[in-house]
Each structure stands twice: as structure tokens, then as C-alpha cells.
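So the sequences go chain by chain: A and B. Counting from 654, one number per residue, gives the positions in the first sequence under the working numbering. Counting from -6, one number per residue, gives the positions in the second sequence under the working numbering. What follows is a set of notes on a single structure, which appears directly below.
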Amino acid sequence: MRGLVCIAAVIAATGSSVHAATVAISCGAVGRELELCREGADAWARRTGHSVRLVSTPASGTERLALYQQLLAARASDVDVLQIDVVWPGILANHLVDLGEAAAAVLGDHAEALVRNNTVGGRLVAIPWFVDVGLLYYRRDLLARHDAEVPRTWPELTATAGRIQRAERAAGSSRLWGFVFQGRAYEGLTCNALEWLASHGAGTLIDSAGRIALNAPAAESIIALAASWITTISPRGVLNYSEEEARGLFQSGQAVFMRNWPYAWALLQDDTSPVRGRVGVTTLPAGPDGRPAATLGGQQLAVSRYSRAPEAAISLALFLASRAEQKRRAIAGGYHPTVPALYRDREVLAASPLFGILGEALAYAVARPSSVTGPAYNRVSHAFANAVHAALAGQSDAASSVRTLERQLRRLQRRGAWTQARS
Amino acid sequence: MSAANTLHARRARAAWWLLAPMLAALALAAGWPLARTVWLSLTDASLADPAGHAYIGFANYLERDAGQWYGVLADPQWWRAVRNTLWFVLASVGLETVLGVAIALALNVPFRGRGLVRAAVLVPWAIPTVVSAKLWAWMLNDEFGVLNRAALELGLISAPLAWTADPRLALFAVVAVDVWKTTPFMVLLVLAALQLLPRDCYEAARVDGVHPVKMFFRVTLPLIWPALAVAIAFRALDALRVFDLIYVLTANSTSTMSISVYARQQLIDFQDLGYGSAASTLVFLTVGLAAIVYLRLARLRPGALQ
């Protein structure tokens, strides 16, 4: 740390700028993330005369959160600006600076759901940076060959996937599967299963007032449908798949449908991809009332309370999350803006066909109950993912999985794991 | 008489002085964190705000509230983790011991290229656990894994098996990888013991026409037992704390979760410093208890064998 101060002092002494500081930022390193982050940060540094240091963090979200928690719990000033996941504001809120005042002028640009998500106890603890939503990828060539429509509901997807899989296997593609998704008992399964539940009116686990929102009969029927996929249209291995395993199978041409995040698009269309040019993407299937649901993901920028240069850090975070920078990132790297107006921007829409779909999917976005449950969110998510996983793995039936989940949520609630608004 | 006593006292004092740096280092490196963990386990500390915590007694371990039991000891997942861990220890250490002794016996016989084979046997042990776990994760992959491919080509299975995903297979997969990785450790220690064995015992036994199997159980095993017991103790205590292998292969999956994975999840993922410390303290007690029980048993065993 003393090193940082020294560097800052040297820069200040050489007179490039009177208040020059060095700001350390941690950004993700998946795909082109790091490169784009560096370009943006350098542009800010040139403009303000401050300097930027990039801190590398683990690629896995769970690991990065663990690292942040340890750094912040120790009140370390090693990182000033943190890239945080959409479900972390509630967990890390205590350690983050309130950006409300500094961002007041630009807050209206960002999607309201995200701003609400990032507001914990009336404090804006992070500024939205880019957004992710669950999407359905499909093989256009296979659907055309078997005269199938893009499925609009989950039962339709089940039927179409089964039909194409049977026909293709009979024709010799013995290892083709109908549908792959993220079935490992981790945050990814929470995202997938929340989409199943929300699209069937089964609730979103905890509502924004902190009450348990779980319609048991509806949840049971959709979880039972999902459990029927295992070994019929999804390989048993899907029970240990995260995003990349699912993409691996789909990209090698061994699956008809895949649920994944927007990042997969650019990779599926890569020159080396075996399915290049044969993939379509759309919103996820809907429930009986015709409304799909897509779990909201994405990354935010937050400023640590233990930063030695909080003003410069806030300035960097706001610059990176600004409309102009988000537009540059959308065109150069396919990152999805948190500014709804950019989805109507001609240059952005021309950069990738995905932006049109994404604008639509964002309208159906469902947030995980992370802000309201705060520090207890990981427990809620863990209970949910494990209950669903047990049903998928055939260790329990859907009904008893839902009962277990209800019991666990009630226990967490009784223990005061989160504050519940008086109803 | 008194001169001898003084000498003895002086020696004892010198010994304590010589031990002091080691004891101080141990107290700092092991004693302090341990004491702190035990203290935190009696509080409601959270990783979100580690400074502000209150003493809550044994509530993290076991507590009755509104007619329900709570705490680590009332958590079915903890007991599942205990079962998984014990199963893992028995299966992996058992297999490693049998294989280790067998391979060591084979390597004890002089043959051409023995040095090379001995070095080669050590390779799995030399690979960092995370690397070998990742390596095996790909080999065990259901769709692309070489293991399924080989078994399919040989006609042993009709459809690929999901080794790390299927709850019924995952623990077997974990044990198999651990056996692959740590058998060399057993081989090494047993081989060292075998090379110290006196030859005359074997000469005498051979003259008497003792069957080789009988010779192994009556002569070799009792003689290498002290070394083997130490090796088993090391392995068992290590296996009780297993974390990296399971975490890399199957992450937080409940079907393979060990007690260390459970403690880490509570501490880091759930930020519950108090509850997680209670789980960690129980891990420590389990390992400590296992060590005491095992050392007692190991001391009795050689006599029982003869």
C-alpha cells in the first residue's frame, strides 16, 4: 500500500496534475473483458491525469466474491473500484460507498430494475455496467430439417427437443441431445430454475417485501417437467454442468437447444466454431399465460469504503459506466448496455443481431431476491439450487423437494436472516 | 545422587530452552488461530462485519428455538458431510494401503529398470492436487472424457456415465482420483520400511519351507507395521480434512461434500463466521479424536497380529 502512496506522491510531485491519484480496479477476465476494461480505464486516465492499476481476480464468480469478502473484511485498500455481480450488492453493501449523490445526474439513463437492485437500504452501492439475461439458443438447421417451430413454451420445447433427438439418433447422430442447461448445484442452477418458476407463476422465492413467494403446486409441476428431461432430452451429466460445459456440448454440435447467457453468442459465431452460422437465439420459452422469464444477471461497478482516493475512484466508476463508454463496449465487445436507450441506437444494433433480442428479453427480466435477502442471499440460493438439484437427480420427487425448500426458507426467515417488511 | 539430579534437571532445562522456539512458533502458527476459531464459534460474527459480534454461547453448535433444533449438530447436511468424509477416508485409505503395500512389494524385488519405475510411480504424487483434479475432471467428463470413450469402445458400458454428476457415482470418482494420487505416498513409505528388513528372517523362513503368503502375514507385515501405521495415520488425518480434490471435482454438491467443504461454504459463501467456525472446530475435534483413537489401536495391533 505504501508503494501506491509513493507512486501517487511521485506523480503529484512531477506535476502532471495537482491531485493525481492511482486508482486500482478489478475487472473480470472472461473473453475480452479485461482488454476492454483496460482501454476504458486508460481513456479515463488520459482525461483526468490520474493513473490506473488493474488488479487481476479469479474468473469464477464464487471465488471472486470470496476474495472480495476477505479483502473488504480486512478493510484493505488494495482495490478501489470493484466489478461486482448483480447479486452481490446486498452482500457487500456495508463495505461500499454510496454513489447516489455523484451519480444522480446519470441515474435516469440506466434500467430502473438494475438501479433498484443496486440500492440497498436507500444507498446506491453500485452503478450498473453491463447486463446479462438468460437466452434460448437453438440449431436453426436442425429445426428446419425437422420442420419444427421455435418453441414458445416449456412443454413445446420438451416435445420438439425429444422429437428431433429421436429422429437424428435414428439417422445416425447417436450422441445428439435435445436440451442442455446449467444443472450443477450452484448459482447457475438458481438462475435456470428461477426462470422455470417465474414463467409458470410459481413466484420468485422471496418478494421485494421479504415475504416468501413460492406457489407450491405450480413450482412442483414445472420442476417435475424439468426432472423428466434428465436422460430423455438432457444427458445425466447436465447435473454437473455450468455455463461452459453446456456451451461445449452445444458448440460441438451435440445439442439442439441450450439455455445460456449472451456471452455464448460471439463464441458460437467464432471462425473455429463447428456450428457457426447454424445457430439462432431467442427469448426463453414462456409459461401457460405466454409470459417468458429471463433471470437478470450482469456486472456493476462499486467503490470500496476503504479506498484512499474515493473521489478519483468514483469518477472512474462513473466514467466506465457512462453511456458513451457502454456504447463503445457494446460495439467493440458485444457487452450489453444497462442504458435502455442504447438498444435503439442504430450503430449498436448494427454491431450484433443479439441486441434486438436482448432488448426484448430485458422486458421479461426477473431479478433474484438478492437485495432484499442481503447477506442471507447465498443461503437462499443454495437451498433453492439444492432442492431443485435433488429433484433433477431423482433423489427426491418434485413435491418433496418443494416442501423441503419451503421449510428451509421459512427457517431462514424465522431466524431473521433478512428483514421483512410488515405486511 | 544429588549430582545426578542436578544434571538431570539441567538437561531438562536445556531441552526446554531448545524446544522453546518451536513451541513459540507452534503457538503463533497453530495455537492462536485455533483459539480464535474456537472463540469465534461461540459468537454470531459475520464476514460482512467481523468486528461487531456478540457472545451467543453454544447456539452455533446446538440450540432449541420454537420447538426446533438448530445449529451445526442439528443440520442434516453436516451429518451427511460427516458420512461422506468417513466413507471417503475408509475407502481411499483402505485401497491406498492395500495397493501401496502390493506395489511396494513388487518394487522391492530387484529387476532391470527398477529405479526408473520407482521414479515413475511418484509422478501422481508430485502433481499439485488442483491440477490433477482438473485433469481428472476432463477425463471423467461424460461427453468428451477419455474414460467413457474407452469403456464404450471396449463395450463395458452402453451409454456414457456421468461420473462427477451422478450422485451415485460422484463419491466413487472422488475416491478413485484420490487413490491414483496418493498411493505413491504409501508405496514410498512401505518401500523404505521393506528395505530395512533383516534378510536372516527370510532365509530362516525359506529353509523351514514357509509358504510366501504365510511369510508375508507372519514376518513381513509385523515388521513393517510400525512404518505402515504411521503412513496410515498420516493419510487418514489428511483424508479427514480433504477439501481441494472434492471442491475442484464436484464443487459444493451435497452428495460429495466433506466436512471441510461444509465449513468453507458456511464461512465464505454464507459469510457466517460464527457458524462456520463452529463447523471448523468440529472438524478439528473430529480429526483430533480420530488421531487419538487410531494411535491407541495402532499400538495394540502388532501384538494382536502375532
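Backbone N, C-alpha and C fix where the C-beta goes; we use that ideal spot for every residue, glycine too.
{"Query": "Opening and closing residue of the alpha helix (DSSP H) in which N77 of chain B lies", "Result": "69 to 101"}
{"Query": "Proximity test, Cβ basis, 8 Å: Q922 of chain A and chain B", "Result": "no"}
{"Query": "Residue environment, D58 of chain B, which counts as buried when at least 16 other CB atoms sit within 10 Å", "Result": "exposed"}
{"Query": "Beta-carbon proximity check, S251 of chain B vs V235 of chain B, cutoff 8 Å", "Result": "yes"}
{"Query": "Buried or exposed by the 16-neighbour rule on C-beta atoms within 10 Å, applied to Q904 of chain A", "Result": "buried"}
{"Query": "Buried/exposed call for Y48 of chain B, threshold 16 Cβ in 10 Å", "Result": "exposed"}
{"Query": "8 Å Cβ cutoff met for L921 of chain A and V932 of chain A", "Result": "yes"}
{"Query": "Whether Q979 of chain A touches V739 of chain A by CB criterion (8 Å)", "Result": "no"}
{"Query": "Sequence-distant residues of its chain with Cβ nearer than 6 Å to P990 of chain A (five each side left out)", "Result": "Q979, A983"}
{"Query": "Cβ shell of Q259 of chain B (< 6 Å), same chain only, five flanking positions each side left out", "Result": "D265, Y268, G269, A272"}
{"Query": "Beta-carbon gap between L238 of chain B and T122 of chain B smaller than 8 Å", "Result": "yes"}
{"Query": "8 Å Cβ cutoff, Q188 of chain B in contact with chain A", "Result": "no"}
{"Query": "Closest Cα partner of V167 of chain B within the set B:T249, B:R192, B:A17", "Result": "B:T249"}
{"Query": "Contacting residues, own chain, Cβ-Cβ under 8 Å from Y839 of chain A (five flanking each side not counted)", "Result": "T715, S895, A1038"}
{"Query": "Which residues DSSP lists as bridging V1001 of chain A, in chain order", "Result": "Its beta-bridge partners do not exist; DSSP assigns none."}
{"Query": "CB contact below 8 Å: Y959 of chain A versus chain B", "Result": "no"}
{"Query": "Cβ of L36 of chain B within 8 Å of any chain A Cβ", "Result": "Just to set this straight, residue 36 of chain B is Thr in the shown sequence, not Leu. Output row for T36 of chain B: interface = no."}
{"Query": "Contact set between L40 of chain B and chain A, taken where Cβ atoms lie within less than 7 Å", "Result": "Q722, A726"}
{"Query": "Nonlocal neighbours in the same chain, by C-beta distance under 6 Å from W129 of chain B, ignoring five residues either side", "Result": "V170"}
{"Query": "Neighbourhood of V956 of chain A by C-beta distance below 8 Å, restricted to the same chain and skipping five residues each side", "Result": "D733, V734, L735, L749, V750, L752, P963, A966, I967, A970"}
{"Query": "Start and end residues, beta strand (DSSP E) containing M911 of chain A", "Result": "908 to 913"}
{"Query": "Within the region 697 to 735 of chain A, ranges of the beta strand (DSSP E) (whole runs, at least 3 residues)", "Result": "704 to 708"}
{"Query": "Residues of the region 147 to 179 of chain B with Cβ closer than 7 Å to any Cβ of chain A, in chain order", "Result": "A155, T157, A158, D159, P160"}
{"Query": "Three-state secondary structure (DSSP) of S151 of chain B", "Result": "coil"}
{"Query": "Per DSSP, cross-strand counterpart(s) of R792 of chain A", "Result": "A:V932"}
{"Query": "Short Cβ contact (8 Å threshold) for R717 of chain A with A677 of chain A", "Result": "no"}
{"Query": "Whole beta strand (DSSP E) elements within the region 734 to 786 of chain A, 3-residue minimum", "Result": "734 to 738, 780 to 786"}
{"Query": "Other residues of its chain near A937 of chain A: CB distance less than 6 Å, five sequence neighbours each side excluded", "Result": "The displayed chain sequence assigns Leu, not Ala, to residue 937 of chain A. Once the five neighbours on either side are set aside, the close Cβ partners of L937 of chain A are G787, L789, E848, P945, A947."}
{"Query": "C-beta neighbour in chain A for D135 of chain B, strict 8 Å", "Result": "yes"}
{"Query": "Beta carbon proximity, R700 of chain A to chain B, threshold 8 Å", "Result": "no"}
{"Query": "Buried or exposed by the 16-neighbour rule on C-beta atoms within 10 Å, applied to W131 of chain B", "Result": "exposed"}
{"Query": "Top-ranked residue by Cα proximity to R73 of chain B, from B:L290, B:L282, B:S253", "Result": "B:S253"}
{"Query": "Start-end ranges of the beta strand (DSSP E) lying completely within the region 933 to 1005 of chain A, minimum 3 residues", "Result": "947 to 956"}
{"Query": "W25 of chain B, buried or exposed, once every other Cβ within 10 Å from all chains shown has been counted against 16", "Result": "exposed"}
{"Query": "Collapsed DSSP secondary structure at L858 of chain A in the structure displayed", "Result": "strand"}
{"Query": "Runs of alpha helix (DSSP H) wholly within the region 156 to 214 of chain B (minimum 4 residues, chain order)", "Result": "160 to 187, 192 to 200, 205 to 208"}
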